[in-house]
Amino acid sequence: MDTAPEDANVSVGTGQVGAAQFTHHHDMADGLARALDFAKEALNECKFPNELLEVWACREEELLRDLAAQPRGPPSAAMVLQGETSPTPELPRAHAVWLMLQLARHLALPPEGLAKAVTLLDVYCSRTPGDCRIHILPGICAAICSILKKSDAAFPQGISRDLLRTVIVLMSRVQPSCPWVGLIGHLGLGRMEQRVLQVLQWHIDPATVESWIVAMTTRMNVATHGVFMTCMDWIRCQATNLARSMLQRMTMMELEPKRAARGLICHGLVIARLLPLEMLRPADVNSQIWEQFFRHSQWGAVPACALPPQGQSSVFAFLKMATSSTSAELRQDALRIASAMQSIKDIEFKAQRPHLS
Numbered sequence: 080m081d082t083a084p085e086d087a088n089v090s091v092g093t094g095q096v097g098a099a100q101f102t103h104h105h106d107m108a109d110g111l112a113r114a115l116d117f118a119k120e121a122l123n124e125c126k127f128p129n130e131l132l133e134v135w136a137c138r139e140e141e142l143l144r145d146l147a148a149q150p151r152g153p154p155s156a157a158m159v160l161q162g163e164t165s166p167t168p169e170l171p172r173a174h175a176v177w178l179m180l181q182l183a184r185h186l187a188l189p190p191e192g193l194a195k196a197v198t199l200l201d202v203y204c205s206r207t208p209g210d211c212r213i214h215i216l217p218g219i220c221a222a223i224c225s226i227l228k229k230s231d232a233a234f235p236q237g238i239s240r241d242l243l244r245t246v247i248v249l250m251s252r253v254q255p256s257c258p259w260v261g262l263i264g265h266l267g268l269g270r271m272e273q274r275v276l277q278v279l280q281w282h283i284d285p286a287t288v289e290s291w292i293v294a295m296t297t298r299m300n301v302a303t304h305g306v307f308m309t310c311m312d313w314i315r316c317q318a319t320n321l322a323r324s325m326l327q328r329m330t331m332m333e334l335e336p337k338r339a340a341r342g343l344i345c346h347g348l349v350i351a352r353l354l355p356l357e358m359l360r361p362a363d364v365n366s367q368i369w370e371q372f373f374r375h376s377q378w379g380a381v382p383a384c385a386l387p388p389q390g391q392s393s394v395f396a397f398l399k400m401a402t403s404s405t406s407a408e409l410r411q412d413a414l415r416i417a418s419a420m421q422s423i424k425d426i427e428f429k430a431q432r433p434h435l436s
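Per this note's numbering, the sequence shown starts with residue 80, numbered consecutively.
Here it is in structure tokens:
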């Protein structure tokens with residue numbers, strides 16, 4: 080995550096006066112209690128009420144249980160589902176995600192389109208690992224993006240042929256020696272879409288990491304009267320960018336959407352100086368180790384929180400309400416993200432210096 084710019088620190092939002100008023104209004108226990116009561120009512124009336132988050136969480140838990148019960152597939156599926164690198168990869172995860180990114184741009188999918196496409200690819204490959212073969216997978220990626228486009232807007236006539244041509248051109252850059260022409264065309268985009276929809280059981284609107292990030296940051300703004308809106312907008316942007324980067328290396332089974340969103344927002348609040356790192360430390364992790372873990376997971380130096388202790392406690396209380404989480408859950412998810420980012424950093428370091436592996 081980029082270092083928080085000056086205008087994304089606690090001194091902005093509604094300005095220094097707004098931050099000072101926030102601290103002043105919540106410096107007494109009864110004042111905080113009244114504010115939390117108000118926030119509870121406001122959150123139930125906002126765009127992302129508690130009931131919606133409960134539905135998302137329930138569906139996500141059911142899907143993750145289903146995918147965990149699926150049998151392991153062949154090596155080709157592992158390369159997509161685990162992002163493993165190989166000297167001669169068939170179509171590793173990074174290539175599949177890259178292809179879907181290009182297709183999402185080509186089709187002008189909504190901002191969250193890529194995250195949905197990759198999530199659906201994870202579900203598809205987990206349920207039908209035998210389809211993760213080099214001559215089929217690009218067409219599957221195209222079918223998923225096509226389905227998402229059709230669910231978002233009218234599909235112009237002739238775009239199917241154009242989409243397949245685009246896939247062939249794009250994949251020739253990744254694997255120029257493969258005879259993409261004919262293989263994809265022979266299968267037909269329509270048949271691929273039918274196959275994908277059957278495997279996905281017509282569930283094509285999953286709550287992604289980005290869905291959760293938007294919902295939680297929006298709820299945080301509602302809960303705090305928008306005092307830290309500039310900070311939360313910056314955190315939303317940074318967390319979304321990081322989530323997209325992590326999708327290249329981690330599946331939705333590894334990067335559980337709800338937990339990943341909570342962890343990324345926690346880290347963002349530390350960088351934006353709204354929470355001290357120590358407040359997010361899991362009870363079973365040493366303070367010094369926790370700080371080293373944070374610094375080594377690409378964040379750099381730990382910034383000092385700009386709020387006094389009571390203000391920090393207030394922000395943390397609103398965070399728990401906005402994310403519908405307990406203190407322990409937030410801390411464990413902050414640790415989970417730090418661990419994931421450290422792992423990705425190590426993988427990228429080894430990839431750049433194979434002689435050190």
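Backbone N, C-alpha and C fix where the C-beta goes; we use that ideal spot for every residue, glycine too. As the structure is a computational prediction, the values presented were derived from the model and not from experiment.
Beta-carbon within less than 7 angstroms of residue i's beta-carbon, same chain only, minus the 5 sequence neighbours each way: which residues are those?
{"i": "Ile423", "result": "Met325 and Arg328"}
{"i": "Met331", "result": "Thr198 and Asp201"}
{"i": "Gly347", "result": "Met80, Ile314, Gln317 and Ala318"}
{"i": "His185", "result": "Thr245"}
{"i": "Asn129", "result": "Leu122, Asn123 and Ser403"}
{"i": "Ala196", "result": "Met179, Ala183, Ile223, Cys224 and Leu227"}
{"i": "Met299", "result": "Met311, Phe397, Leu398 and Ala401"}
{"i": "Leu193", "result": "Met179, Leu180, Ala183 and Arg323"}
{"i": "Ser366", "result": "Glu357 and Arg360"}
Quick one: what does DSSP say residue i is sitting in, helix, strand or coil?
{"i": "Cys125", "result": "coil"}
{"i": "His174", "result": "helix"}
{"i": "Ser404", "result": "coil"}
{"i": "Glu163", "result": "Unreliable placement is indicated for Glu163, whose pLDDT of 43 sits below 50; the coordinate value is still reported in the next sentence. Correct three-state label for Glu163: coil."}
{"i": "Cys137", "result": "helix"}
{"i": "Thr245", "result": "helix"}
{"i": "Cys384", "result": "coil"}
{"i": "Ile215", "result": "coil"}
{"i": "Thr296", "result": "helix"}
{"i": "Gly342", "result": "helix"}
{"i": "Glu357", "result": "helix"}
{"i": "Arg352", "result": "coil"}
{"i": "Arg113", "result": "helix"}
Does at least one heavy atom of the ligand HEM sit under 7 angstroms from the Cβ of residue i?
{"i": "Ala417", "result": "Looking at this structure, you won't find the ligand HEM or any other ligand, since it has none at all."}
Look at the alpha carbon of residue i and the alpha carbon of residue j, and state the distance between them as a whole number of angstroms.
{"i": "Gly342", "j": "Gln411", "result": "8 angstroms"}
{"i": "Val115", "j": "Val301", "result": "Looking at the sequence itself, residue 115 is Leu, so the reference to Val does not match. If you take the alpha carbons of Leu115 and Val301, they lie about 11 angstroms apart."}
{"i": "Gln371", "j": "Asp201", "result": "32 angstroms"}
{"i": "Arg374", "j": "Ala419", "result": "13 angstroms"}
{"i": "Ala351", "j": "Cys224", "result": "35 angstroms"}
{"i": "Pro285", "j": "Ala380", "result": "36 angstroms"}
{"i": "Val349", "j": "Arg144", "result": "32 angstroms"}
{"i": "Leu178", "j": "Pro189", "result": "16 angstroms"}
{"i": "His304", "j": "Arg274", "result": "47 angstroms"}
{"i": "Gly269", "j": "Ala417", "result": "42 angstroms"}
{"i": "Phe307", "j": "Ala362", "result": "28 angstroms"}
{"i": "Phe117", "j": "Cys384", "result": "26 angstroms"}
{"i": "Thr131", "j": "Ile368", "result": "At residue 131 the sequence reads Leu, which differs from the Thr that was named. Spanning the two alpha carbons is a distance of roughly 37 angstroms."}
{"i": "Leu242", "j": "Val134", "result": "34 angstroms"}
Smallest Cα separation from residue i: which of the options?
{"i": "Lys399", "options": "Ile344, Leu180, Trp135 and Ala222", "result": "Ile344"}
{"i": "Ser376", "options": "Pro387, Ala413, Leu193 and Gly269", "result": "Ala413"}
{"i": "Leu386", "options": "Leu353, Leu193, Leu146 and Arg206", "result": "Leu353"}
{"i": "Lys126", "options": "Thr296, Asp425 and Ile368", "result": "Thr296"}
{"i": "Thr287", "options": "Phe307, Glu140, Arg206 and Val306", "result": "Glu140"}
{"i": "Asp231", "options": "Tyr203, Cys204 and Glu191", "result": "Glu191"}
{"i": "Thr207", "options": "Pro150, Ala221 and Ala187", "result": "Pro150"}
Take residue i and list the residues in its own chain whose beta-carbon comes closer than 6 angstroms to its own, dropping the five residues that flank it on each side.
{"i": "Val248", "result": "none"}
{"i": "Ile215", "result": "none"}
Which residues in the same chain as residue i place their Cβ atom closer than 8 angstroms to its Cβ, once the five residues preceding and following it in sequence are excluded?
{"i": "Gln181", "result": "Thr245 and Leu249"}
Cβ contact check for the segment 380-400 and the segment 345-360: 3 or more pairs under 8 angstroms | Yes: the two stretches touch, three or more of their Cβ pairs being nearer than 8 angstroms.
For the segment 334-348 and the segment 284-292, state whether three or more C-beta atom pairs, one from each stretch, are separated by less than 8 angstroms.
-> Verdict: yes, contact present.
Any 3 or more C-beta pairs closer than 8 angstroms across the segment 110-125 and the segment 275-289 = They do not touch, by the three-pair rule.
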